[in-house]
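J.: Protein chains in written order, with numbering that gives the first Met the number 0: chain A, 0 to 131; chain B, 0 to 131; chain C, 0 to 131; chain D, 0 to 131. Where a beta carbon is used, it is the ideal one built from N, C-alpha and C, also for glycine. Fair warning: this is a prediction, and the values are worked out from it, not measured in the lab. Below is one structure. I have some questions about it.
There are 4 protein chains.
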Amino acid sequence: MQHIHYIRVRYSETDAMGTYYNSRALEWFECGRTELCRATGRPYTQWEADGVSLPLIEAHVEYLGKAQYDDLLKITVTAEMAGRVRMRFDVTIEQAESAQPVCRGYTIHAITDNTGKPIRPPEWLMELFDND
Amino acid sequence: MQHIHYIRVRYSETDAMGTYYNSRALEWFECGRTELCRATGRPYTQWEADGVSLPLIEAHVEYLGKAQYDDLLKITVTAEMAGRVRMRFDVTIEQAESAQPVCRGYTIHAITDNTGKPIRPPEWLMELFDND
Amino acid sequence: MQHIHYIRVRYSETDAMGTYYNSRALEWFECGRTELCRATGRPYTQWEADGVSLPLIEAHVEYLGKAQYDDLLKITVTAEMAGRVRMRFDVTIEQAESAQPVCRGYTIHAITDNTGKPIRPPEWLMELFDND
Amino acid sequence: MQHIHYIRVRYSETDAMGTYYNSRALEWFECGRTELCRATGRPYTQWEADGVSLPLIEAHVEYLGKAQYDDLLKITVTAEMAGRVRMRFDVTIEQAESAQPVCRGYTIHAITDNTGKPIRPPEWLMELFDND
Numbered sequence: 000m001q002h003i004h005y006i007r008v009r010y011s012e013t014d015a016m017g018t019y020y021n022s023r024a025l026e027w028f029e030c031g032r033t034e035l036c037r038a039t040g041r042p043y044t045q046w047e048a049d050g051v052s053l054p055l056i057e058a059h060v061e062y063l064g065k066a067q068y069d070d071l072l073k074i075t076v077t078a079e080m081a082g083r084v085r086m087r088f089d090v091t092i093e094q095a096e097s098a099q100p101v102c103r104g105y106t107i108h109a110i111t112d113n114t115g116k117p118i119r120p121p122e123w124l125m126e127l128f129d130n131d
Numbered sequence: 000m001q002h003i004h005y006i007r008v009r010y011s012e013t014d015a016m017g018t019y020y021n022s023r024a025l026e027w028f029e030c031g032r033t034e035l036c037r038a039t040g041r042p043y044t045q046w047e048a049d050g051v052s053l054p055l056i057e058a059h060v061e062y063l064g065k066a067q068y069d070d071l072l073k074i075t076v077t078a079e080m081a082g083r084v085r086m087r088f089d090v091t092i093e094q095a096e097s098a099q100p101v102c103r104g105y106t107i108h109a110i111t112d113n114t115g116k117p118i119r120p121p122e123w124l125m126e127l128f129d130n131d
Numbered sequence: 000m001q002h003i004h005y006i007r008v009r010y011s012e013t014d015a016m017g018t019y020y021n022s023r024a025l026e027w028f029e030c031g032r033t034e035l036c037r038a039t040g041r042p043y044t045q046w047e048a049d050g051v052s053l054p055l056i057e058a059h060v061e062y063l064g065k066a067q068y069d070d071l072l073k074i075t076v077t078a079e080m081a082g083r084v085r086m087r088f089d090v091t092i093e094q095a096e097s098a099q100p101v102c103r104g105y106t107i108h109a110i111t112d113n114t115g116k117p118i119r120p121p122e123w124l125m126e127l128f129d130n131d
Numbered sequence: 000m001q002h003i004h005y006i007r008v009r010y011s012e013t014d015a016m017g018t019y020y021n022s023r024a025l026e027w028f029e030c031g032r033t034e035l036c037r038a039t040g041r042p043y044t045q046w047e048a049d050g051v052s053l054p055l056i057e058a059h060v061e062y063l064g065k066a067q068y069d070d071l072l073k074i075t076v077t078a079e080m081a082g083r084v085r086m087r088f089d090v091t092i093e094q095a096e097s098a099q100p101v102c103r104g105y106t107i108h109a110i111t112d113n114t115g116k117p118i119r120p121p122e123w124l125m126e127l128f129d130n131d
C-alpha cells in the first residue's frame, strides 16, 4: 500500500540554519500516514473511533537535503505489517519539482486500543496492510 | 501576583528570518503561566486534578525585538482576575542580559471544569488572584 | 484582497485538552497569508527575493471553538495596508463542514528590507493592497 | 563526555493521545546537546561563531513510555566522534522522579562550515570528544 501526498514547507518549520528544523520530518511523516489512511477509505479518525490506536515505538530519519520556506515537497509513504502485531510506515520526502532528496525514514507502531493496551490487529487492518 | 522565569531559546524555535518564529511567544507565555502557578504552591496540574481548567479565549502579542538560538530570556508574568469569571495573564519577555525587549502581551482565560463548562472560580483561586 | 484556503489539523497540533494547542492559530494564520500572497501571482518567496520582508509587530487571536485531529478547517484571510508603512491581515478560521467558528484574529506587519530596516512599500505592493 | 539536564514537559508538547507528541523527542535531544556543549565551556553558539556547524544526518528514537504536561524529565546525553568526520550524541530521557523510561535514541551529525561544506574537525573539538 503506497500513497503520495504534497505539502508546502511552512515558515514555522524553518530554522536559523536556512533549512527545515529536523523534528519537522517526523511531523511530515505523520501527514503522509494520515493521507495514506484516508486513501484506503478508512481515515485514521475512524481507526480511533473503532478503538484502534497506532502509538509510535520507533522512528528513524536520514537527512538528505535542504528544504526552505514554501518549497513544495512530495511525500511517498508505504505501509505494511511488521510481524503480526506492529505496523511499519516507510517515508521518502523529496523536492516536488527537482526530485532532490530531502529526507527518508520509517516509523514503527504498536497496535493498541485507545488506552494503549496491545490488541490483535482487526481483520480490516490485516486485509489492508498484510502483504503475505 | 507576579513571577519571573528564565528560558533559553531552542534551535527549534528559531526561523529562517534569524529570530524566533512568532508563535513561540505564545508557548513562552505558557511557560511563564506554568511557573507562576507552581510558585503559588498549587501547580497547574493540581488545578486540573481539582477539576479546574483555564482554556484561552484571547491572546495578544506585540513583537518588540529579536531573540536568537540560546539567548537567555527573562519572562515576567502577572496574573489577576478579569471580572468574576475570567483570568488574565500579562507577560513581558526581554533579553536577560541586555534587558532589550523581545515581546509582550497577554492572554485571557475562561475558568471551566475539565469538560470546558464555565464554573464559578473556587475559593482558593479567588484568594490567590483577586486583587479587589 | 481576500483569499480562502483549507488545511487539516495535524496530530502534532493537538494537545492534551482535546483541541488544538493555542499557538497553532498563529501558524495557521501564516498558512493563510502565504496562500493569499501566492493567489496574487507574487508568492511571498518572491517578495523576499525582491528585498521585501513582513516581520510581525502585533498579533491578536480570539479562540472561539474546538478543532481536533484531521478536522478540515477553512481559513479566510483579508489583506490591506494599515497606514502607509504597515500591512494588516485579518483571519477567520472555521470548521469547513459545520461552519462552527474555531478562531479569528489579525496580524500587523512592518514592511522592511531583508535586514529588518523599514522601507517605503514598493509600487506593486501598494497596487495589490491599498484600498484607498 | 556525558551531561545531564532537566526539562519540564510543556503543554504545547502534549497531544490528544495524552502523552508527548513524538517529534518533541528530537527537540528535547537538541536541548540535551545544547546543554552538553555549554558544559564543556564552549557553548554551541561559540561553535557557530568559530565557523563550525553540526547539521543532522541521521536521527533515531525509541519510544518507551509516557510523559505528560509538567512532568520533570531527566535528559542524559553522551557525545563522541563517530569516525573522523562525524559526531554522535546518544540520549536517554526518563521521568526524573520515578526513573520510568520515556525515550532514547541518537543523532549523527556532519561537521561543516557555516555554509554546510564538510570540514576537518578543529583541534578543540577532537580534544573534547575523541575518546580514542
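Measuring only the C-alpha atoms, how far is E26(A) from I74(A)?
T.: The straight-line gap from Cα to Cα measures roughly 12 angstroms.
J.: Could you name the residues of the stretch 59-78 of chain D whose beta carbon sits closer than 8 angstroms to any beta carbon of chain C, in the order they occur along the chain?
T.: For the stretch 59-78 of chain D, which is checked against every Cβ of chain C, the residues closer than 8 angstroms are Q67, Y68.
J.: Let me check understanding here. Comparing Cα to Cα, which of P54(D), I3(D), N21(D), P100(D) lies closest to L35(D)?
T.: Cα-wise, what sits closest to L35(D) is I3(D).
J.: Establish whether the CB of S11(A) and some CB of chain C are separated by less than 9 angstroms.
T.: Yes - at least one Cβ of chain C is within 9 angstroms of the one on S11(A).
J.: With 9 angstroms set as the bound, which would you pick, yes or no: does the beta-carbon of L55(C) sit closer than that to a beta-carbon of chain B?
T.: Chain B contact via Cβ: present.
J.: Short of 7 angstroms in beta carbon distance, which residues of its chain neighbour D69(D), apart from the five on each side in sequence? Order them along the chain.
T.: Cβ neighbours of D69(D) beyond the five flanking positions: R7, V8.
J.: Counting only beta-carbon separations shorter than 9 angstroms, does Y43(D) have a partner in chain B?
T.: True, the Cβ-Cβ gap to chain B drops below 9 angstroms.
J.: Helix, strand or coil for G31(A), going by three-state DSSP, please let me know.
T.: Of the three classes helix, strand and coil, the one that applies to G31(A) here is helix, per DSSP.
J.: Spatial neighbours of I81(B) within its chain, please: CB distance less than 8 angstroms, with the 5 preceding and 5 following residues excluded, ordered by chain position.
T.: The sequence shown places Ala at residue 81(B), rather than the Ile named in the question. Excluding positions up to five away in sequence, the list reads R87, I107.
J.: Can you tell me the Cα-Cα spacing of D14(A) and F28(D), whole angstroms?
T.: One C-alpha to the other measures close to 16 angstroms.
J.: Pull up the CB-CB distance for S22(C) and S22(B), whole angstroms please, since I reckon it's below 8 angstroms.
T.: With 8 angstroms as the limit, S22(C) and S22(B) qualify as a contact, their Cβ atoms being about 4 angstroms apart.
J.: Please give the ranges of any beta strand (DSSP E) in the stretch 71-110 of chain D, keeping only runs that are unbroken, at least 3 residues long and fully inside the region.
T.: Those beta strand (DSSP E) runs which fall completely within the stretch 71-110 of chain D and span 3+ residues are 71-80, 85-94, 100-109.
J.: Taking the alpha-carbon positions, what's the Q1(A) to Y105(C) distance?
T.: Using only the alpha carbons, I get a separation of about 40 angstroms.
J.: If contacts are defined as beta-carbon pairs under 8 angstroms, then P120(B) and I110(B) qualify, I think. What distance do you get, rounded to the angstrom?
T.: That pair is a contact at about 5 angstroms.
J.: Could you say which of E12(B), C102(B), R85(B), E79(B) lies nearest to Y62(B) if we only look at CA atoms?
T.: It is C102(B).
J.: Measure the C-alpha to C-alpha separation of Y19(A) and L71(B) and round it to an integer number of angstroms.
T.: Their Cα atoms are separated by approximately 23 angstroms.
J.: Answer yes or no: does any C-beta atom of chain D fall closer than 9 angstroms to that of M86(A)?
T.: For M86(A), the answer is no, since every Cβ of chain D falls outside 9 angstroms of its Cβ.
J.: What are the residues that DSSP puts in a beta bridge with E126(C)?
T.: For E126(C), which the question treats as bridged, DSSP gives no partner whatsoever.
J.: I'd like to check one pair, V60(D) with L127(A): are the Cβ atoms closer than 9 angstroms?
T.: Against a cut-off of 9 angstroms, the Cβ pair of V60(D) and L127(A) comes out as no contact.
J.: Exposed or buried, T114(B), counting other C-beta atoms within 10 Å across all chains shown (16 or more means buried)?
T.: Exposed, by the Cβ-count rule.
J.: Give a yes or no on whether 9 angstroms exceeds the smallest Cβ distance from T33(C) to chain A.
T.: Judged by the 9 angstroms Cβ criterion, T33(C) is in contact with chain A.
J.: DSSP three-state label for A15(C), please.
T.: In this structure, A15(C) counts as coil in the three-state DSSP scheme.
J.: Closest Cβ-Cβ distance between E29(D) and chain A: below 9 angstroms?
T.: Taking Cβ atoms only, chain A reaches closer than 9 angstroms to E29(D), which makes this a yes.
J.: Below 8 angstroms on C-beta distance, what does E96(B) contact in chain D?
T.: Under the 8 angstroms cutoff, chain D gives no residues; its nearest Cβ is about 13 angstroms from E96(B).
J.: Along the alpha helix (DSSP H) that carries Q45(D), what are the first and last residues, could you check?
T.: Taken as a continuous stretch (DSSP letters only), the alpha helix (DSSP H) holding Q45(D) covers 43-48.
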